[in-house]
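Single-structure report; data block below.
Number of protein chains: 4
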Amino acid sequence: MIIILKSDVTDSQISHILGKVEKLGLKTHISRGVERTIIGLIGPEDVLQVIPLEVFPGVERVLPVLAPYRLVSREFNKENSIITIREGIQIGCGRLHVIAGPCSVESAQGIRAIAHKVKKAGATILRGGAYKPRTSPYEFQGLGEEGLKYLAEAGRECGLATVTEVLDPRDVGLICRYVDILQIGARNMQNFSLLKEVGKVDKPVLLKRGISATIKEWLMSAEYILSNGNFKVMLCERGIRTFETATRNTLDINAVAVVKQLSHLPVIVDPSHATGKWDLVAPAARAGVAAGCDGLIIEVHENPEEAFSDGPQSLKPENFEILMRDLQKIASAMGREI
Amino acid sequence: MIIILKSDVTDSQISHILGKVEKLGLKTHISRGVERTIIGLIGPEDVLQVIPLEVFPGVERVLPVLAPYRLVSREFNKENSIITIREGIQIGCGRLHVIAGPCSVESAQGIRAIAHKVKKAGATILRGGAYKPRTSPYEFQGLGEEGLKYLAEAGRECGLATVTEVLDPRDVGLICRYVDILQIGARNMQNFSLLKEVGKVDKPVLLKRGISATIKEWLMSAEYILSNGNFKVMLCERGIRTFETATRNTLDINAVAVVKQLSHLPVIVDPSHATGKWDLVAPAARAGVAAGCDGLIIEVHENPEEAFSDGPQSLKPENFEILMRDLQKIASAMGREI
Amino acid sequence: MIIILKSDVTDSQISHILGKVEKLGLKTHISRGVERTIIGLIGPEDVLQVIPLEVFPGVERVLPVLAPYRLVSREFNKENSIITIREGIQIGCGRLHVIAGPCSVESAQGIRAIAHKVKKAGATILRGGAYKPRTSPYEFQGLGEEGLKYLAEAGRECGLATVTEVLDPRDVGLICRYVDILQIGARNMQNFSLLKEVGKVDKPVLLKRGISATIKEWLMSAEYILSNGNFKVMLCERGIRTFETATRNTLDINAVAVVKQLSHLPVIVDPSHATGKWDLVAPAARAGVAAGCDGLIIEVHENPEEAFSDGPQSLKPENFEILMRDLQKIASAMGREI
Amino acid sequence: MIIILKSDVTDSQISHILGKVEKLGLKTHISRGVERTIIGLIGPEDVLQVIPLEVFPGVERVLPVLAPYRLVSREFNKENSIITIREGIQIGCGRLHVIAGPCSVESAQGIRAIAHKVKKAGATILRGGAYKPRTSPYEFQGLGEEGLKYLAEAGRECGLATVTEVLDPRDVGLICRYVDILQIGARNMQNFSLLKEVGKVDKPVLLKRGISATIKEWLMSAEYILSNGNFKVMLCERGIRTFETATRNTLDINAVAVVKQLSHLPVIVDPSHATGKWDLVAPAARAGVAAGCDGLIIEVHENPEEAFSDGPQSLKPENFEILMRDLQKIASAMGREI
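Chains as they are written, first to last, in our numbering: chain A, 32 to 369; chain B, 32 to 369; chain C, 32 to 369; chain D, 32 to 369.
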């Protein structure tokens, strides 16, 4: 931690700060420049998070030296984490995995039909929402446990792993009985009750980035899960909110490489939410692979005109197939496979 | 709902759309211009939210005519809603109310001491967090039920109503037994499980705007609460996330008047989170009153240097007193009182 | 300047950095912590702006200690700058001044008529664009020199000072002959050719904040003008671009107080552009005064339905009169006058 | 244009609007729904841009049907525009072109040396700034005409076309004598004097997107150039400003495909400014190619530690070479070449 003092700081203000900090067991280091005096603090920064140094008289700014996350950081683990979903599905290594399926599970038969198609095109994990976070209380809220059953059956039938979103800490146990991966949605990225709950179970978690979360906050949310004991976390970039309205969100493609530098966790890209329009999904998905992501999650629906949710951004199975072929080419140019 | 068709739309595409829409019981209205053909739909728009018209071939854009919220809208209730917190405290009328207190309840004695001081300065409601949503899992997470007790006792002793944040749907019942107002924090504005839960109880709710929520989304979250039966909702503008880093957030002062136009619900301004710095709280609070808000929520701490959370943005009691006197002058210039 | 080194920095990397920096005549100060080594640099920071320390091997981050602006800073001048526009009009002191008038000068008679009305309501400066920056090449681009003449005549006739926008460095001389204040618009805040040009003349400049300029960048643009010799700069907050679309821009009300802390220059608020809707102008203007601004610039048009530009955000003279009376009350509550 | 009326609109307000609009020669079409009445206007929308319909009493909202740009639109030209820079360099067709070189021209010898290296790696166009837009007046402002000479000589010697930024309308003529492409920088995207000036010359223009410009505004700025007669415009996505601070800007990778849908003009991606860090340039460049861009502009410097500007985001020649090989693979996977 570095404290930059005001140009008119007094000696007694400096003593007051030093006294406080040294009482916490930190060593201090004063450097007096022409225009500013600076105090460097040596010792565990965590201790300092307790005191709001910014409010001490004479303090202009406080600059942290270390990132606030530990377990998720690249320093904690220099190697890439590889998350095993089930036999044959490992995320974070040379092979990319594609998660595909409808936004919502709408019926037993619907999810089965699409499962077969995405499997055939090369997906290895089936997505489908049973509990839906909808902006409006008047929109379709999901089939609940029934939806979970249909999803699990479809996955079993086709040999696909499964992922679904969990909205409520009370549902974690139930959902764990049906699916292979728990998804934390963008709106719940800082729902700390929920993060703690999924941190206590032994299931991989797909943690979506909040719509306006900084990369640092996103990693801190992952830290909540790891620090509760669950290290199987995958980070999902799904577009952020900006001033641009031509697309539903803005895919932060830079974030893929930034996160790979800062963290050892795998990164998944969601081109469906990141664009909001089916005819923009393919270029965004290709860009994700070229930027170095470890997997993709893509909404596919048999008949988007009839979709209960996210119809505008869902690919038809035939377009998904074409995309998968293109992604294989890009992955191969990157020295990887799908 | 208005559908703008592509310039090269075909007659069979138009028939396909009309067929779909008319089957839902809506009347249609075609208007053929030189460059675009437009379909107007007459009937309940809610019906249309089910179908993703954007994906129908030939459709360029779909424009809703009505706002998606109903119960919270100014059209639903032309009069301002007045929320009675307890005898003598009504929010949304000529008199503004100030909610004040520490970010977190830290001890029985601490909250009592500050309660007396904010009461003396003119506050009518006491704030204090018992369950804290913290970006880092390593930061102080609140005293839990113990904190609720201390808060309730301090309020009772000083004749102040009380407000605290609820993070988890499982805590709603417990918290209701202790406080007068439930706060939904910015990070949980779209935690729909939680919104539904507080929609079912008979307690006023202070709904903070999400850090990057549009006004429309904010009103939709309020709609979740009202549509579950609880009409006692107050909207709290607490600053939004923008590119500017000189302040913790950007107070969206425009939002105060916009929300008063669109909705009948009272609007509270939180100058503490909206700035993040104690020496910016006063101008932001004054601006809130001048813009027409119905109340303020302000963090006050006996000794910000020792605060467990939000020290940098907490006012000392003496500065809070000065601010209250200034706010009274501005309120009076506005023809209101505090 | 503070250099935070990577955790795996080598001694030879450190020597390389020290060698470089010491050759520039700066003293260095190394502090070795448990997890990071830090180099503090003592001496003129300007020298360092030349070298991109971030790219030196072993460097993690570089943190500047000082703000990059000097002449505009509060440290350079502890007193508020007072800008004299002409006899009787001083901006930056106890009395606030209101600049009012149409977006564009549309005719000799139009500008005269509105000048009389805004004067009567209490404005002291007349605004009117002769060169208009329009998003579309097909929109009205202003009357040019003719517009300047009409504006100057109207100002003279009513005893109002005048302000108009300059778009092109080639027009500075011409415009100076007609008006009292040069306005640099938001889109040109970083048009450095133009800034240098207005820095060389002896006319007050109203520098609007760029639509997505940070406060630091805004002050740096002011620094361009001051460093070229013109110290008569007023800073105009006119709303920033955010994700919110309910208003044309988001008035950054926090910025008023922030700028008053960082700089000695006067701050003007533009509630017309900051909201984009005439019925939101009054609350935004009141908020500006309550936040501590030194003046306002407000669009007023005789008949907004016929305005060539910015009709939606223009007040009618009768509403402007009402607003002026309300602003006087708020100013008085603030211990100031209008 | 569609006008949505307020729920309490009166008949006389409707008559007033109809009268106004019909006087302008437009046909109107009224549709009365249960909750709202809507007026559709048929005829040239341009006519309506003159009147601010939003301010007419009874009007709730006004929705444009058509995009405000014409010449740049895909409807104006269904085929991709191909811009010929010089013999052998055509942008917008199957072959991608890479523009490379230093941020600033620093010396005759420096630009020659780097020109040889980028040429060898596969670049076809040489970049180098002679007039630099710098946030601070105290930073290096470029060598001016001398820099242009050095750039032109280096290009001639290596058989590379050249591009440089123009900041001031007064410099357009001079710069045209030296280089093949004029660059309009992000800060000047809405410097309309400059846009008009480059619209009058017969040189290709590289138009960078403003740091917070919507795609629509960016296309409108291109429209300024085309409507002045110069159709040789290339659009350059260079990252936008968002809340994220981990990178200098956020590459809006979605924009590449969106612009290709909306416009016939070629799209260039600038991964250097879009990330601000040399070690993020490669993934961003690869993503650009995978998203379908027509070219890239990349900063390369012999010794970034000594660069006068943009050192942190400049690649060394050896890294540029590696990147070019990777880009060739991605381009080939896309069915294109570099």
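Glycine included, C-beta positions come from ideal geometry on N, C-alpha and C.
This one's a predicted model, so the numbers in the text were calculated from it and none came from an experiment.
Here's the rule I'm using: 16 or more other beta-carbon atoms within 10 Å means buried, otherwise exposed. How should residue i be labelled?
i: B/LYS360; result: buried
i: D/VAL65; result: exposed
i: C/ARG187; result: exposed
i: C/THR41; result: exposed
i: C/ARG414; result: Outside the displayed span of chain C (32 to 369) sits residue 414 of chain C, for which this structure offers no information.
i: B/ILE113; result: exposed
i: A/SER224; result: buried
i: D/ASP233; result: exposed
For the beta strand (DSSP E) that residue i lies in, which residues bound it at each end?
i: D/GLU196; result: 192-196
i: C/SER112; result: No beta strand (DSSP E) contains C/SER112, which DSSP labels as neither H nor E.
i: C/LEU376; result: This structure leaves residue 376 of chain C out entirely; chain C is present only between 32 and 369.
i: C/GLY132; result: 128-132
i: A/HIS295; result: Note, A/HIS295: premise wrong, no beta strand (DSSP E); not H, not E.
i: A/SER62; result: 58-63
With 9 angstroms as the threshold, decide whether the Cβ of residue i is near any Cβ in chain A.
i: D/PHE274; result: yes
i: D/ILE120; result: no
i: C/HIS60; result: yes
i: D/LEU282; result: yes
In the DSSP assignment, find the alpha helix (DSSP H) that holds residue i and state where it starts and stops.
i: A/SER224; result: 223-230
i: D/THR306; result: 302-306
i: B/MET355; result: 348-364
i: D/MET32; result: Run containing D/MET32: none; DSSP gives neither H nor E here.
i: D/ALA313; result: 309-322
i: C/VAL203; result: 203-209
i: B/MET251; result: 246-258
i: A/GLY186; result: 176-189
i: D/LEU49; result: 42-54
i: B/ARG143; result: 139-152
Please decide whether residue i counts as near chain D, where near means a Cβ-Cβ distance under 9 angstroms.
i: C/LYS239; result: no
i: C/ASN350; result: no
i: C/ASP341; result: yes
i: C/ALA338; result: yes
State yes or no: is the beta carbon of residue i nearer than 9 angstroms to at least one beta carbon in chain B?
i: D/ILE361; result: no
i: A/SER112; result: no
i: C/ASP310; result: yes
i: D/GLY56; result: no
Mind reading off the beta-carbon distance from residue i to residue j? Whole number of angstroms is fine, and I expect it under 8 angstroms.
i: D/ILE34; j: D/LEU97; result: Rounded, the Cβ-Cβ distance is 15 angstroms, inconsistent with contact.
i: D/ASN261; j: D/ILE271; result: Not quite, the Cβ-Cβ distance comes to about 25 angstroms (not below 8 angstroms), so this is no contact.
i: A/ILE328; j: A/ASP301; result: 5 angstroms
Would you say residue i faces chain C, with C-beta separation under 9 angstroms as the test?
i: B/LYS247; result: yes
i: A/GLY74; result: yes
i: B/VAL289; result: yes
i: D/GLN221; result: yes
Cβ contact (3+ pairs, closer than 8 angstroms) linking the region 294-302 of chain A and the region 333-342 of chain A: The answer is no - the region 333-342 of chain A does not touch the region 294-302 of chain A, with fewer than three Cβ pairs under 8 angstroms.
Under 8 angstroms: do the region 169-183 of chain A and the region 206-221 of chain A share three or more Cβ pairs, one atom per stretch? Short answer: they touch.
Assess, as a yes-or-no matter, whether the region 242-249 of chain B is touched by the region 237-251 of chain C under the definition of 3 or more beta carbon pairs within less than 8 angstroms. Contact between the region 237-251 of chain C and the region 242-249 of chain B is absent, because fewer than three Cβ pairs lie under 8 angstroms.
Looking at C-beta atoms only, is the number of pairs between the region 149-161 of chain B and the region 43-53 of chain C that lie closer than 8 angstroms three or more? No, the region 149-161 of chain B is not in contact with the region 43-53 of chain C.
Counting Cβ pairs closer than 8 angstroms, one from the region 194-202 of chain D and one from the region 159-174 of chain D, do we hit at least three? Judged by Cβ distances under 8 angstroms, the region 194-202 of chain D makes contact with the region 159-174 of chain D, as three or more pairs qualify.
Within the chosen definition, does the region 68-78 of chain A reach the region 121-131 of chain A through at least 3 CB pairs nearer than 8 angstroms? Three or more Cβ pairs closer than 8 angstroms define a contact, and the region 68-78 of chain A falls short of that threshold against the region 121-131 of chain A.
Counting Cβ pairs, one atom from each stretch, are 3 or more of them under 8 angstroms apart for the region 93-111 of chain C and the region 56-63 of chain C? Short answer: they don't touch.
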